[in-house]
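Residue numbers (my numbering), protein chains in the order written: chain A, 1 to 115; chain B, 116 to 229. Using N, Cα and C, we set each Cβ at its ideal position, and we do this for glycine too. As the structure is a computational prediction, the values presented were derived from the model and not from experiment.
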């Protein structure tokens, strides 16, 4: 697609429920990132996918968080047993393999509210 | 390890005045540096980038930034603020190999006064 698409744009969930957030990157972009934007924590790196390589999961805050990328395209970020501190905007970004100097293209984010 | 410091979480300027948003970085290797802008309820949009070419970088919407290695700074400027510039601005540093993941500053919210 023309841009990075994220869904849903807003999600309200009850504490303890699981949620899935979806990211559809720009067609042909092999690198995909998830970031979390929350009050008091700013923008935090979560996970990085590059092609078929093992993902860099070094930013995932706990084992309740996981992500996968199927077919080198769409990615899903899953949060199990959500907690109130998980409330944040989750941003996805993609870039081309050779485009590190070009910067990322970000999606509009998913605003997650845990009540 | 890399880090980014943005001085001033909130900056107010009058319409038509100079905009100066400060960013200092720390990196053990030559970095890539970026400025992004975020409008309410939107994602981040790339304003400009430094990737070891010209030290004075021009971006969109009349913004520019100068990379000063001696000062480890990458301040964002615009000669004349417009009401539409009101937004949050983020400085980011990335490494130049491997994952190219970003370390972001905490952001500066720019308010433009009529």
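I'd like the span of the beta strand (DSSP E) that includes residue 47 (chain A), first residue to last.
42 to 50
Around the Cβ of residue 196 (chain B), are there at least 16 other Cβ atoms within 10 angstroms (buried) or fewer (exposed)?
Flag for residue 196 (chain B) reads buried.
Can you confirm whether the stretch 174 to 194 of chain B touches the stretch 133 to 148 of chain B when touching is taken to mean that 3 or more C-beta pairs between the two stretches lie within less than 8 Å?
yes
Would you say residue 121 (chain B) faces chain A, with C-beta separation under 7 Å as the test?
no
Please report whether the beta-carbon of residue 158 (chain B) lies at a distance below 7 Å from any beta-carbon of chain A.
Closer than 7 Å to some Cβ of chain A, the Cβ of residue 158 (chain B) qualifies, so yes.
Can you give me the start and stop residues for the beta strand (DSSP E) that residue 190 (chain B) sits inside?
188 to 193
Indicate whether residue 204 (chain B) and residue 182 (chain B) have their beta-carbon atoms separated by less than 7 Å.
no
Continuous beta strand (DSSP E) stretch holding residue 24 (chain A): start and end
19 to 24
I'd like to know whether the C-beta of residue 216 (chain B) is nearer than 7 Å to at least one C-beta of chain A.
yes
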